[in-house]
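Numbering (the working numbering), first residue to last: 1072 to 1251.
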């Protein structure tokens, strides 16, 4: 399965080993690690992750999915972030959307644009009934992204998130596939 999604300003595409240095630099930013501490890994582990995620594209189905896409600017193909979906073991194995963007490109609507495009692609191609998002209560930027992308905040759940040592509250969002 080859995945390539264009929006007005972005190209969402599969990661390649050529993304290693840029991706590692973005994932090492305190701006990212504040909300996603489990993304702090060595460059060797990041290279293994790119290889692993490359194997997952073809295996993704309605029930088991792991699709992580590079978010690049259409104008110069610069890697600026990631948007993806995957089963979230901590939340009944439901399929979650996740994203991050380099701090220098934040607050420009790029990740909202990428999240909306990813949601549309997933609903059209994997025929999921719904996607979820979980967001920390004080992560206002991510709350805005999922709400702009059409997700509804249904409740607050206590979750032991990956990379964390204690449960904490998260807003639990869902968006339903209206095309089913």
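We put the CB at the ideal spot given by N, CA and C, even for glycine.
Three-state secondary structure assigned by DSSP to residue i
i: residue 1229; result: strand
i: residue 1074; result: coil
i: residue 1089; result: helix
i: residue 1124; result: helix
i: residue 1167; result: strand
i: residue 1118; result: helix
i: residue 1241; result: strand
i: residue 1136; result: coil
i: residue 1142; result: strand
Cβ distance (whole Å) where residue i is taken to contact residue j below 8 Å
i: residue 1141; j: residue 1090; result: 6 Å
i: residue 1186; j: residue 1170; result: 6 Å
i: residue 1174; j: residue 1102; result: 4 Å
i: residue 1183; j: residue 1219; result: 4 Å
Counted within 10 angstroms of its Cβ, other Cβ atoms place residue i as buried (16 or more) or exposed
i: residue 1130; result: exposed
i: residue 1232; result: buried
i: residue 1195; result: exposed
i: residue 1246; result: buried
i: residue 1234; result: exposed
i: residue 1159; result: buried
i: residue 1180; result: exposed
i: residue 1168; result: buried
i: residue 1236; result: exposed
i: residue 1096; result: exposed
i: residue 1151; result: buried
i: residue 1225; result: exposed
i: residue 1116; result: exposed
i: residue 1073; result: exposed
i: residue 1223; result: exposed
Endpoints, beta strand (DSSP E) assigned at residue i
i: residue 1251; result: From DSSP, residue 1251 is part of no beta strand (DSSP E); its letter is neither H nor E.
i: residue 1154; result: 1150 to 1159
Residue range of the unbroken alpha helix (DSSP H) whose run includes residue i
i: residue 1101; result: 1101 to 1104
Practice prompt. Could I get the ranges of all uninterrupted alpha helix (DSSP H) runs contained in the region 1179 to 1217, with 4 residues as the minimum, in chain order?
Written response: The alpha helix (DSSP H) runs of length 4 or more contained entirely in the region 1179 to 1217 are, from start to end of the chain, 1181 to 1197.
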